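Structure, as structure tokens:
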RNA sequence: GGCCAGGUAGCUCAGUUGGCAGAGCACGCGGCUGAAAACCGCGGUGUCGGCAGUUCGAUUCUGCCCCUGGCCA
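Numbering (the working numbering), first residue to last: 101 to 406.
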């Protein structure tokens with residue numbers, strides 16, 4: 101890890117992180133490394149509230165627009181690319197400002213998580229088994245193979261159960277043996293500021309942002325992506341708004357229903373993001389009001405510049 | 001004004017032959033290592049419209065009142 105600690109600005113979606121990040125990065129002469137699982141995809145701009153090219157020309161942004169929506173960029177690959185990006189920033193003698201709300205991606209950068217390998221054919225076989233046997237039977241099998249992992253994964257969670265079985269099958273090691281660092285949060289690695297906001301203020305910002313997206317070409321953006329093949333189990337097709345708007349274009353949902361679903365999912369996302377970051381003891385929290393993180397940028401700069 | 005239907009959780013409603021009120025959604029909380037904006041789990045938050053009456057006990061039965069919707073004037 102680079103000797104000046106990594107700087108980070110985290111928090112729930114719609115809290116104004118990106119906006120504040122420009123100012124902070126300029127103040128601190130930093131480059132932004134996005135920690136966002138959806139900003140990775142090219143062409144998904146409006147619905148992800150991606151900083152515009154003009155904004156990104158002002159301050160260099162990394163880990164944005166590095167994959168096609170038709171591919172799924174896993175956390176594992178994100179970690180590799182993030183390390184490259186960070187090395188590049190360090191080689192320029194600048195410091196990196198991590199900005200985003202994807203908790204696992206954040207930890208993949210600051211905590212050197214060791215993601216065990218995957219194998220498509222093993223995965224497919226296990227998924228087929230799970231489909232016929234059911235989640236509980238797979239979970240029972242995991243209990244005999246890796247009791248520790250099984251105790252942490254809910255019996256109804258097929259996806260994680262299958263993944264744990266897959267890891268055991270390919271690596272010969274129990275899935276749980278890869279999670280050693282999970283409960284550790286090395287403080288020296290990162291200086292992180294977190295943005296919170298009163299729940300009702302955040303809810304209003306989310307509703308306003310969803311409406312603004314729809315007014316600024318989101319429907320056209322999704323139409324184009326669907327025509328280009330977005331759909332199925334692609335990561336990109338599960339992004340909030342894209343799934344709902346595709347259904348609207350299919351005539352399954354009215355525009356108002358799609359809008360309401362977007363707001364609902366975004367609020368649920370914000371809650372989960374907060375739950376994720378809340379227990380990271382490294383994060384120093386700053387409460388913003390209706391105006392979002394931009395209004396408290398002075399405090400953020402002061403803390404991050406240490 | 002008359003007749004009918006209804007008033008129970010933030011919303012839509014169920015229910016109690018009279019015995020501490022319950023579903024879905026919303027909301028809150030939690031978990032998380034190669035799909036993570038994914039995936040999974042936990043939690044009922046309440047003057048049962050108001051005031052009287054009957055009763056050991058009323059959200060439930062009775063009376064009056066208030067409110068909402070529909071139909072008729």
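Ideal placement from N, C-alpha and C gives every residue a C-beta, glycine not left out. All values reported here derive from a predicted model rather than from experimental measurement.
Same chain, Cβ closer than 8 Å to residue i, five either side skipped, listed in chain order
| i | result |
| --- | --- |
| residue 120 | 109, 295, 392, 393, 394, 396, 397, 400 |
| residue 318 | 146, 147, 341, 345 |
| residue 144 | 138, 150, 169, 321, 325, 336, 339, 342 |
| residue 105 | 288, 289, 290, 291 |
Exposure label - residue i; buried when at least 16 CB within 10 Å
| i | result |
| --- | --- |
| residue 251 | exposed |
| residue 117 | buried |
| residue 321 | buried |
| residue 373 | buried |
| residue 239 | buried |
| residue 276 | buried |
| residue 140 | buried |
| residue 288 | exposed |
| residue 267 | buried |
| residue 355 | exposed |
| residue 221 | exposed |
| residue 246 | buried |
| residue 233 | exposed |
| residue 264 | buried |
| residue 375 | exposed |
| residue 203 | buried |
| residue 409 | Because the chain is modelled from 101 through 406, residue 409 falls outside the range shown and cannot be assessed. |
| residue 136 | buried |
| residue 207 | buried |
| residue 224 | exposed |
Residues of its chain near residue i, where Cβ-Cβ distance is below 6 Å and the 5 sequence neighbours each way are ignored
| i | result |
| --- | --- |
| residue 361 | 344 |
| residue 236 | 255 |
| residue 347 | 353 |
| residue 248 | 276 |
| residue 167 | 140, 141, 173 |
Where residue i sits in the DSSP three-state scheme
| i | result |
| --- | --- |
| residue 227 | helix |
| residue 200 | strand |
| residue 239 | helix |
| residue 316 | coil |
| residue 134 | strand |
| residue 296 | strand |
| residue 285 | coil |
| residue 401 | helix |
| residue 387 | strand |
| residue 182 | helix |
| residue 194 | coil |
| residue 382 | coil |
| residue 273 | coil |
| residue 108 | strand |
| residue 102 | Note that residue 102 scores a pLDDT of 41, beneath 50, so its modelled location is shaky and nothing firm can be said. |
Neighbourhood of residue i by C-beta distance below 7 Å, restricted to the same chain and skipping five residues each side
| i | result |
| --- | --- |
| residue 329 | 170 |
| residue 404 | 107, 124, 128, 291, 293 |
| residue 261 | 235, 238, 239, 242, 253 |
| residue 101 | Model confidence at residue 101 stands at a pLDDT of 42, short of 50, so the residue's coordinates are unreliable and nothing is read from them. |
| residue 302 | 112, 114, 115, 370 |
| residue 230 | 238, 258, 262 |
| residue 185 | 133, 162, 163 |
| residue 227 | 262 |
Short Cβ contact (8 Å threshold) for residue i with residue j
| i | j | result |
| --- | --- | --- |
| residue 178 | residue 161 | no |
| residue 132 | residue 175 | no |
| residue 142 | residue 165 | yes |
| residue 112 | residue 201 | yes |
| residue 163 | residue 180 | no |
| residue 349 | residue 367 | no |
| residue 365 | residue 311 | no |
| residue 378 | residue 114 | no |
| residue 297 | residue 387 | yes |
| residue 190 | residue 130 | no |
| residue 134 | residue 334 | no |
| residue 270 | residue 307 | no |
| residue 281 | residue 212 | yes |
| residue 278 | residue 214 | yes |
Entirely enclosed alpha helix (DSSP H) segments - the region 336-372, minimum 4 residues
Entirely contained in the region 336-372, the alpha helix (DSSP H) runs reaching 4 residues are, in chain order, 342-349.
Identify every run of the beta strand (DSSP E) within the region 112-174, keeping only runs that are complete inside it and at least 3 residues long; order them along the chain.
With a minimum length of 3 residues, the unbroken runs of beta strand (DSSP E) contained wholly in the region 112-174 fall at 130-135.
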